[in-house]
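Here the protein sequences line up with chains V and P, keeping their order.
The first sequence begins at 1 in my numbering and counts up one residue at a time.
The second sequence begins at 1 in my numbering and counts up one residue at a time.
Built from N, CA and C at the ideal position, the CB exists for glycine as well.
Here is the structure we will look at.
2 protein chains.
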Amino acid sequence: MSRPGSEAAGQVRARDDVLGYLLKHAHLALEHRTQAALADVGVTVRDLGVLRVIASGEAQSQQEAAAVLGVDRTSMVALLDALEHQGIVARRPSEQDRRRNIIALTGHGWEVFRQAESRYSETERDFTATLGDAGAAGLRQALRTVLSENGHP
Amino acid sequence: MSRPGSEAAGQVRARDDVLGYLLKHAHLALEHRTQAALADVGVTVRDLGVLRVIASGEAQSQQEAAAVLGVDRTSMVALLDALEHQGIVARRPSEQDRRRNIIALTGHGWEVFRQAESRYSETERDFTATLGDAGAAGLRQALRTVLSENGHP
DNA sequence: GACAAATCATCAGTAGAACTGACGATCAGC
DNA sequence: GCTGATCGTCAGTTCTACTGATGATTTGTC
Chain V
1 MSRPGSEAAG
11 QVRARDDVLG
21 YLLKHAHLAL
31 EHRTQAALAD
41 VGVTVRDLGV
51 LRVIASGEAQ
61 SQQEAAAVLG
71 VDRTSMVALL
81 DALEHQGIVA
91 RRPSEQDRRR
101 NIIALTGHGW
111 EVFRQAESRY
121 SETERDFTAT
131 LGDAGAAGLR
141 QALRTVLSEN
151 GHP
Chain P
1 MSRPGSEAAG
11 QVRARDDVLG
21 YLLKHAHLAL
31 EHRTQAALAD
41 VGVTVRDLGV
51 LRVIASGEAQ
61 SQQEAAAVLG
71 VDRTSMVALL
81 DALEHQGIVA
91 RRPSEQDRRR
101 NIIALTGHGW
111 EVFRQAESRY
121 SETERDFTAT
131 LGDAGAAGLR
141 QALRTVLSEN
151 GHP
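Structure representation (structure tokens):
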């Protein structure tokens, strides 16, 4: 049991043993490096996430994209407004359901996406370099496992 | 090379292969579960982080705590204001340097911390249950490695 | 076919956290 | 003793997230 006082420190878990801390800061560090790598492509990390779900076909409508990315549907509006204004994505009403907006990459959008994804892959490879290929794959697999076991789509 | 069109999807990396996505959502999922587990203790996830660096002795002053946690020094003021108001932490000016505030847990603060940390540990164990002890340790180690290799204290 | 309920995108307003720039108080170097 | 730097604090700005409402449209029910 922890006692108040200077000797108690040894009984408290060090911060680099706390999974929440490790996940948060690993995410932050990678995001920070990615942001720098994407700077001259003209898109942000958030944008790249949106582009990815559109390009992969995992999402067709705005709400699908929002759900996959875990962002609010109302935030997606502004996010797409900016991308549409840059000529990277285009919205058109669905023919089956005219309430929905089908979002797609423009020709220019594909070029931007290809370039941004290339920069990102490079950054990620660099980020996990010391783990080796097997270690990086193991890390991904472990994260996939905990996510799927904790109610993730 | 990616071509615009419906056949391009297969050539785009799936989202659950993207490390940034995995890290972000794993962090979010754990934070979400922790928040629920801490609800009736009366502290937030952010608070627990602060309590931990104080309890472990990793930080004595406000700025040290802010630096370790990666939060802004100005945000730390409000964070500590709330904890002090709840009687969980106490500020006193350092005797060596009277610009600095030494922050410490009160007796009640230690009790709250002990309880919150216990809830958190349980949540974390549950979160990584399917990985097994070795798998969870491997995940932590991999995260520690990439962090230290990417300029982290 | 007509009506009620649900869904999609949007917008306005609100709340929270991060960051900037400034301030007074204090310390360290010269 | 003076100058420059550091610590905690505060005010103001920005960014994101979330709530609640709206209009347009679809789906289900009678």
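Which of the residues in the stretch 42-60 of chain P, read from start to end, lie with their CB under 8 Å from any CB of chain V?
Those residues of the stretch 42-60 of chain P that come within reach of chain V (Cβ to Cβ, closer than 8 Å) are Val-45, Gly-49, Arg-52, Val-53, Ala-55, Ser-56, Gly-57, Glu-58.
For P:Arg-144, report the span of its alpha helix (DSSP H) as first-last.
Looking at the DSSP string, the run of the alpha helix (DSSP H) that includes P:Arg-144 is 132-149.
Rounded to the nearest angstrom, what separates V:Ala-116 and V:Gln-96 at their Cα positions?
Taking the straight line from one Cα to the other gives about 32 Å.
Shorter than 8 Å from the beta carbon of P:Glu-84 to some beta carbon of chain V?
Cβ-Cβ to chain V under 8 Å: no for P:Glu-84.
Does the stretch 139-149 of chain V touch the stretch 71-78 of chain V, meaning 3 or more C-beta pairs lie closer than 8 Å?
The answer is no - the stretch 139-149 of chain V does not touch the stretch 71-78 of chain V, with fewer than three Cβ pairs under 8 Å.
Are the C-beta atoms of P:Asp-16 and some chain V residue less than 8 Å apart?
Interface residue, yes.
In chain order, what residues of the same chain have a beta carbon less than 7 Å from the beta carbon of V:Arg-144, not counting five sequence neighbours either side?
Taken in chain order, the list of residues that qualify is empty.
Since V:Ala-104 sits in a beta bridge, which residues does DSSP pair it with?
Beta-bridge pairing links V:Ala-104 to V:Ala-90.
Is V:Leu-80 close to chain P? Criterion is C-beta to C-beta, closer than 8 Å.
Taking Cβ atoms only, chain P never reaches closer than 8 Å to V:Leu-80, which makes this a no.
Could you pull out every residue in the same chain whose Cβ sits closer than 6 Å to the Cβ of V:Gln-60, ignoring the five residues on either side in sequence?
Taken in chain order, the residues that qualify are Ile-102.
If you measure beta-carbon to beta-carbon, which residues of the stretch 95-110 of chain V are closer than 9 Å to chain P?
Within the stretch 95-110 of chain V, the qualifying residues are Ala-104, Leu-105, Thr-106, Gly-107, Gly-109, Trp-110.
Mapping DSSP to helix, strand and coil, what is V:Ser-56?
The answer is coil: DSSP assigns V:Ser-56 none of H, G, I, E or B.
Given a threshold of 16 other Cβ atoms within 10 Å of its Cβ, counted over all protein chains shown, does P:Asp-81 qualify as buried or as exposed?
The residue in question, P:Asp-81, is exposed, as its Cβ has fewer than 16 Cβ neighbours within 10 Å.
Less than 8 Å between the beta carbons of V:Arg-114 and V:Val-41, yes or no?
No; because the gap between Cβ atoms is not below 8 Å, this pair is not in contact.
Using only the alpha-carbon positions, how far apart do P:His-32 and P:Thr-44 sit?
Each residue's Cα considered, the two are about 11 Å apart.
Relative to chain V, which residues along the stretch 27-41 of chain P have a C-beta separation below 8 Å, given in chain order?
Result list: His-27, Leu-28, Ala-29, Leu-30, Glu-31, Arg-33, Thr-34.
Opposite P:Ser-61 in the DSSP bridges: which residues?
Answer is P:Ile-102, bridged to P:Ser-61.
What are the start and end residues of the alpha helix (DSSP H) that includes P:Ala-26?
From DSSP, the alpha helix (DSSP H) with P:Ala-26 extends over 19-38.
Please look up how many angstroms separate the CB atoms of V:Leu-23 and P:His-27, rounded, as I've assumed it's under 8 Å.
Indeed they touch by this definition, with Cβ atoms about 4 Å apart.
Which residues in chain P sit within 8 Å of V:Glu-122, going by Cβ to Cβ distance?
Near V:Glu-122 there are no residues of chain P at all, since even the closest Cβ is about 13 Å away, more than 8 Å.
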